[in-house]
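Undergrad: Below you will find the structure I want to go over with you.
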Amino acid sequence: MTAAQTAKTLLARLREAHPDARYELNWKTPFELLVATILAAQCTDERVNRVTATLFQKYRGPQAFADADTAGLEEDLKPTGFFKQKTKSVQAMSRALLQNFRGEVPKTIEEMITLPGVARKTANVVLNTAFNLPSGIIVDTHVARVSQRMGLTKKEKGEEIEKDLMKLIPQDAWTFFGPATVLHGRYTCTARKPKCDACPVNDICPKIGIE
DNA sequence: CTCCCGATAT
DNA sequence: ATATCAGGAG
Numbered sequence: 009m010t011a012a013q014t015a016k017t018l019l020a021r022l023r024e025a026h027p028d029a030r031y032e033l034n035w036k037t038p039f040e041l042l043v044a045t046i047l048a049a050q051c052t053d054e055r056v057n058r059v060t061a062t063l064f065q066k067y068r069g070p071q072a073f074a075d076a077d078t079a080g081l082e083e084d085l086k087p088t089g090f091f092k093q094k095t096k097s098v099q100a101m102s103r104a105l106l107q108n109f110r111g112e113v114p115k116t117i118e119e120m121i122t123l124p125g126v127a128r129k130t131a132n133v134v135l136n137t138a139f140n141l142p143s144g145i146i147v148d149t150h151v152a153r154v155s156q157r158m159g160l161t162k163k164e165k166g167e168e169i170e171k172d173l174m175k176l177i178p179q180d181a182w183t184f185f186g187p188a189t190v191l192h193g194r195y196t197c198t199a200r201k202p203k204c205d206a207c208p209v210n211d212i213c214p215k216i217g218i219e
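Residue 135 in the working numbering sits at position 127 of the first sequence, with consecutive numbering throughout.
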């Protein structure tokens with residue numbers, strides 16, 4: 009079975025298993041999603057949602073984050089881990105947004121990745137989810153792992169994996185494929201002890217790297 | 001390549 | 001005890 013065939017079948021099975029896959033981060037505006045996605049690095053959505061529930065009451069919009077007391081914001085972000093780094097990213101991103109984009113989240117990936125703390129993964133989450141734009145394919149740790157195990161890529165770097173996936177998945181499916189594959193990786197094709205018995209693509213998976 | 005950070009699963 | 005978790009910067 010070729011990688012193209014595997015990808016096509018994976019996409020079809022994901023549509024059955026996760027028909028309305030979407031990100032589990034809570035947000036009301038594209039800016040809120042951008043902040044939440046920065047906070048989601050190495051942290052579960054559940055914990056991010058717990059923090060943002062009060063965070064977005066306290067700081068409304070990029071100006072509030074730009075003006076925020078740094079030590080106070082660090083305290084607010086502490087439960088998400090990497091809190092000093094994330095505080096720096098969120099404040100620098102907010103200031104860049106105000107200076108270069110009139111405080112509005114830009115709608116192209118080229119503009120998005122000029123923002124501090126924002127690389128392709130974060131940019132694709134916001135563009136795919138908030139604006140429904142197929143700017144690329146979200147490649148996080150889950151998408152990377154699933155793609156490697158299924159033989160869709162031999163690459164290690166997220167950007168390289170994304171290139172391979174963009175050739176294998178039709179563009180009109182990009183915004184679905186990312187979130188659906190994240191769910192598949194999170195709950196079925198887990199990093200440790202993958203649940204192959206309960207996997208919807210068990211029959212076509214080459215299981216690369218799984219003992 | 002290392003560093004940033006803490007909670008949870010194994 | 002340690003690998004891993006909705007990563008990105010220096």
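Cβ coordinates follow ideal geometry from the N, Cα and C atoms, glycine included.
Out of T189, P214 and K201, which one is the CA nearest neighbour of A25?
TA: T189
Undergrad: Looking at the unbroken alpha helix (DSSP H) that takes in N108, where does it start and where does it end?
TA: That run of the alpha helix (DSSP H) goes F91 to F109.
Undergrad: Could you tell me whether the segment 22-36 touches the segment 49-64, where touching means 3 or more Cβ pairs closer than 8 Å?
TA: Per the Cβ contact rule, the segment 22-36 is in contact with the segment 49-64 (3 or more Cβ pairs under 8 Å).
Undergrad: Consult DSSP for E112 and reduce its assignment to one of helix, strand or coil.
TA: coil
Undergrad: Just to confirm, are L123 and A104 a CB contact at a threshold of 8 Å?
TA: Yes, the pair counts as a contact, with Cβ atoms nearer than the cut-off.
Undergrad: Name the two residues that bound the continuous alpha helix (DSSP H) containing Y195.
TA: W182 to Y195
Undergrad: Starting from the C-beta of Q50, find all residues in its chain whose C-beta is less than 8 Å away, skip the five residues before and the five after it, and write them out in chain order.
TA: G89 and F90
Undergrad: Given a threshold of 16 other Cβ atoms within 10 Å of its Cβ, counted over all protein chains shown, does P70 qualify as buried or as exposed?
TA: Looking at its Cβ environment, which holds 16 or more other Cβ atoms inside 10 Å, P70 is buried.
Undergrad: Hey, would you say A152 sits closer than 8 Å to I177, going by beta carbons?
TA: Contact: no.
Undergrad: Our contact map puts P214 next to M158 with C-beta atoms below 8 Å; I'd like the distance itself, whole angstroms only.
TA: 7 Å
Undergrad: Pick from A131, A206, G217 and D211: whose alpha carbon is nearest that of L42?
TA: A131
Undergrad: Give the straight-line distance between the Cα atoms of I216 and A100, rounded to the nearest whole angstrom.
TA: Distance between the alpha carbons of I216 and A100 is about 40 Å.
Undergrad: Could you pull the start and end residues of the alpha helix (DSSP H) that M120 belongs to?
TA: I117 to M120
Undergrad: Determine, using beta carbons only, whether V98 and I146 come nearer to each other than 8 Å.
TA: no
Undergrad: My understanding is that P142 touches R30, with C-beta atoms under 8 Å, so please give their C-beta distance in whole angstroms.
TA: That belief does not hold up - the Cβ atoms of P142 and R30 are roughly 15 Å apart, past 8 Å.
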